[in-house]
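Read through the structure below, which is laid out as structure tokens, and then see the notes.
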Amino acid sequence: MKARILLFVVTLVMSACTHSGGFARLPEGEQTATLRPVFFATTRQTDQLPFGSKRSRQSHYGLIDVSIPPAHEAGNIEWPNSKPNPQKHFLVSNTKSYRGGPELRSDLNKALAGANSKNRDVIIFVHGFNNRFSDGVYRIAQMSHDMGLPGVVMSYSWPSAANPLGYAYDRDSALFARDGLRRMIEEVSKSNVNNIILVAHSLGSMVTMETLRELGISGNTKVLNRIGGVVLMSPDLDLDLFKTQADAIGELPDPFIIFSSKKDRALRLIERLTGQKNRLGRLTDVSEISDYEITYIDVTAYSEGGTNHFATARSAALLKLLGQIPDLDSALSGDGGRTGLLPGTILSVQNVTELILSPVVAR
Numbered sequence: 423m424k425a426r427i428l429l430f431v432v433t434l435v436m437s438a439c440t441h442s443g444g445f446a447r448l449p450e451g452e453q454t455a456t457l458r459p460v461f462f463a464t465t466r467q468t469d470q471l472p473f474g475s476k477r478s479r480q481s482h483y484g485l486i487d488v489s490i491p492p493a494h495e496a497g498n499i500e501w502p503n504s505k506p507n508p509q510k511h512f513l514v515s516n517t518k519s520y521r522g523g524p525e526l527r528s529d530l531n532k533a534l535a536g537a538n539s540k541n542r543d544v545i546i547f548v549h550g551f552n553n554r555f556s557d558g559v560y561r562i563a564q565m566s567h568d569m570g571l572p573g574v575v576m577s578y579s580w581p582s583a584a585n586p587l588g589y590a591y592d593r594d595s596a597l598f599a600r601d602g603l604r605r606m607i608e609e610v611s612k613s614n615v616n617n618i619i620l621v622a623h624s625l626g627s628m629v630t631m632e633t634l635r636e637l638g639i640s641g642n643t644k645v646l647n648r649i650g651g652v653v654l655m656s657p658d659l660d661l662d663l664f665k666t667q668a669d670a671i672g673e674l675p676d677p678f679i680i681f682s683s684k685k686d687r688a689l690r691l692i693e694r695l696t697g698q699k700n701r702l703g704r705l706t707d708v709s710e711i712s713d714y715e716i717t718y719i720d721v722t723a724y725s726e727g728g729t730n731h732f733a734t735a736r737s738a739a740l741l742k743l744l745g746q747i748p749d750l751d752s753a754l755s756g757d758g759g760r761t762g763l764l765p766g767t768i769l770s771v772q773n774v775t776e777l778i779l780s781p782v783v784a785r
């Protein structure tokens with residue numbers, strides 16, 4: 423029976439996470455469309471694009487200017503084909519590599535200096551299972567564009583095998599990669615940033631929580647205090663493990679937000695395969711995390727098909743809803759639901775706030 427479940431998981435993941443295209447550079451002489459700069463750090467073992475799946479104990483830093491096409495549809499990544507077209511495809515306009523943290527911070531400070539004083543935040547995106555380097559970079563470019571996020575965005579690319587059969591390798595890599603993310607956060611914290619916002623998807627939540635745990639047990643409150651919020655999207659984390667990580671961190675960053683979907687088929691199948699039913703991204707009873715100051719957002723109403731494992735980034739309706747909120751931090755911390763900024767039902771259980779979003783009719 424377990425073998426049959428494993429085969430089903432593999433088939434499902436292969437159909438949902440098949441990689442389309444990859445990096446392609448803007449053709450010479452072509453004009454860029456909308457440009458979104460993405461700083462990055464990676465612990466993949468190579469020193470040049472597109473970076474592979476082998477592990478490196480050293481971090482590589484750089485910058486990629488992503489060209490987003492006019493034909494872009496919210497929630498999608500329009501992957502390039504053999505004939506890259508800036509009017510139709512996500513493309514790489516310019517790239518830059520840094521020899522170390524000081525060079526990264528120099529350009530980071532320049533980018534922050536050009537932002538409004540209230541928007542001098544840095545959003546660090548940590549991708550999930552079965553991702554290539556390009557997947558993480560294009561995804562944070564897409565999300566920040568679709569939601570109109572201010573500030574500077576960065577991608578932390580840990581060495582995923584980018585193979586649907588590589589789940590065990592990826593889980594080990596998630597632990598291997600925590601030191602690289604810690605180094606990245608420490609470098610950013612030395613810049614002129616106001617707040618560091620960590621956004622993680624799926625197995626990237628393991629990387630993120632392990633990194634925060636490491637900062638907590640080492641007593642590095644100076645860096646922890648620069649983290650102005652954490653967002654976990656469909657976190658592939660065992661509930662008991664999450665609790666031990668949260669206990670070691672101490673006071674969680676505020677806001678601390680978890681996006682979940684009861685229709686998340688990927689997490690449901692992982693639960694069946696592992697025999698552990700309580701994945702953090704698919705809780706049926708939020709009282710299980712009521713000891714912690716968390717906003718738990720149920721986006722089941724915006725799960726549109728497939729595995730529903732990344733509805734927050736792929737649902738055009740949800741992206742539009744979140745992007746139209748003038749004070750997103752306030753809305754996601756729970757205040758917004760009470761004042762009607764986010765449509766849905768609010769339930770409070772001790773310290774945790776659950777917001778069950780309701781669908782909005784398109785206008």
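Numbering-wise, the sequence shown is residues 423 to 785 according to the working numbering.
For glycine and all other residues, C-beta sits at the position ideal for the given N, C-alpha and C.
As the structure is a prediction and not an experimental result, all values here were calculated from the model.
Straight-line CA distance for residue i to residue j?
i	j	result
residue 480	residue 711	35 Å
residue 498	residue 698	32 Å
residue 454	residue 571	20 Å
residue 708	residue 680	11 Å
residue 519	residue 551	25 Å
residue 447	residue 575	20 Å
residue 583	residue 648	31 Å
residue 521	residue 484	9 Å
residue 591	residue 547	21 Å
residue 452	residue 651	38 Å
residue 678	residue 719	11 Å
residue 776	residue 768	6 Å
residue 375	residue 701	Here the chain covers residues 423 to 785 and nothing more, so residue 375 does not appear.
residue 669	residue 444	39 Å
residue 486	residue 569	20 Å
residue 640	residue 482	24 Å
residue 595	residue 580	7 Å
Helix or strand or just coil, what does DSSP make of residue i?
i	result
residue 645	helix
residue 673	coil
residue 397	Given that the chain is displayed from residue 423 to residue 785, the structure contains no residue 397 and the question cannot be resolved.
residue 718	strand
residue 601	helix
residue 517	strand
residue 762	Bear in mind that the predicted position of residue 762 carries a pLDDT of just 49, short of 50, making it too unreliable to give a figure here.
residue 551	coil
residue 445	coil
residue 463	strand
residue 638	helix
residue 615	coil
residue 713	coil
residue 662	helix
When the Cα of residue i is compared with those of the options, which residue comes out closest?
i	options	result
residue 642	672, 666, 616	672
residue 586	606, 475, 650	475
residue 465	601, 529, 663, 565	601
residue 517	603, 556, 493, 504	556
residue 685	665, 669, 721, 664	721
residue 688	492, 581, 467, 589	589
Can you give me the Cβ contacts of residue i inside the same chain, cut-off strictly under 8 Å, excluding the 5 residues immediately before and after it?
i	result
residue 773	712, 713, 714, 715, 716
residue 488	457, 458, 459, 460, 512, 513, 514, 515, 559, 560, 563
Measure the beta-carbon distance from residue i to residue j and round it to whole angstroms, keeping in mind my assumption that it falls under 8 Å.
i	j	result
residue 449	residue 506	6 Å
residue 620	residue 630	5 Å
residue 628	residue 662	Contact doesn't hold; Cβ gap of about 13 Å is too wide.
residue 598	residue 477	6 Å
residue 573	residue 604	With a Cβ gap of about 21 Å, residue 573 and residue 604 do not count as contacting.
residue 626	residue 549	5 Å
residue 491	residue 467	Going by Cβ atoms, the distance from residue 491 to residue 467 rounds to 32 Å, so no, they are not a contact pair.
Near residue i, which residues of its chain fall below 6 Å by C-beta distance, leaving aside the five closest residues on each side in sequence?
i	result
residue 614	531, 534
residue 606	463, 578
residue 667	631, 635
residue 617	543, 650
residue 660	698
By Cβ distance, which residues of its chain are closer than 7 Å to residue i, with the 5 residues on each side in sequence left out?
i	result
residue 612	527
residue 494	500
residue 609	523, 526, 527
residue 766	759, 777, 778, 779, 780
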